[in-house]
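Visitor: This structure is in structure tokens; I'll ask about it shortly.
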Amino acid sequence: MDIPDRLITLQQNADTEYAKLAGLLGEEREAQWKRWYEAAVEIQAAVTAHAQETGTPRNQLEAAVKKAVRHPQPEDG
């Protein structure tokens, strides 16, 4: 499946913001949670839009994006 770079970048951003939640408490955690939530909403909307544009099943596209970001394949060469 061909995954646009924009979707990869948005998922990486959401994952990065989520990872920053570790160890935070109180107001710091709440502020970071909001940053993660906004990034998550953005990637979800982008996946939905791309799936609609291409006719790709949304769940398959989302899974492929997450797999590409979280379990990248080594490059040939």
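Heads up: take any position in the sequence shown, counting from 1, add 4, and you land on the working numbering. Using N, Cα and C, we set each Cβ at its ideal position, and we do this for glycine too.
1) Could you round the C-beta distance between A68 and M5 to whole angstroms and report it? I think they count as a contact, below 8 angstroms.
2) Return yes when the Cβ of L65 is within less than 9 angstroms of the Cβ of L14, no when it is not.
3) Please classify A72: does DSSP put it in a helix, a strand, or coil?
4) Near R39, which residues of its chain fall below 7 angstroms by C-beta distance, leaving aside the five closest residues on each side in sequence?
5) Quick one: what does DSSP say D19 is sitting in, helix, strand or coil?
6) Specify, as a first and last residue, the run of the alpha helix (DSSP H) that K38 falls within.
Guide: Once the coordinates are examined:
1) The residue you call residue 68 lines up with position 64 of the sequence shown. The residue you call residue 5 lines up with position 1 of the sequence shown. Right, the Cβ-Cβ distance comes to about 5 angstroms (below 8 angstroms), so this counts as a contact.
2) Numbered from its first residue, the sequence shown carries residue 14 at position 10. Numbered from its first residue, the sequence shown carries residue 65 at position 61. The answer is no: Cβ separation not under 9 angstroms.
3) Working through the sequence shown from its first residue, we reach residue 72 at position 68. Reduced to three states, the DSSP call for A72 is helix.
4) The sequence position of residue 39 within the sequence shown is 35, counting from 1. Closer than 7 angstroms at Cβ, skipping near neighbours: E21.
5) Mapped onto the sequence shown, residue 19 falls at position 15. Here DSSP, grouped into helix, strand and coil, assigns D19 to helix.
6) Counted from its first residue, the sequence shown places residue 38 at position 34. 30–58 is the span of the alpha helix (DSSP H), which, as asked, contains K38.
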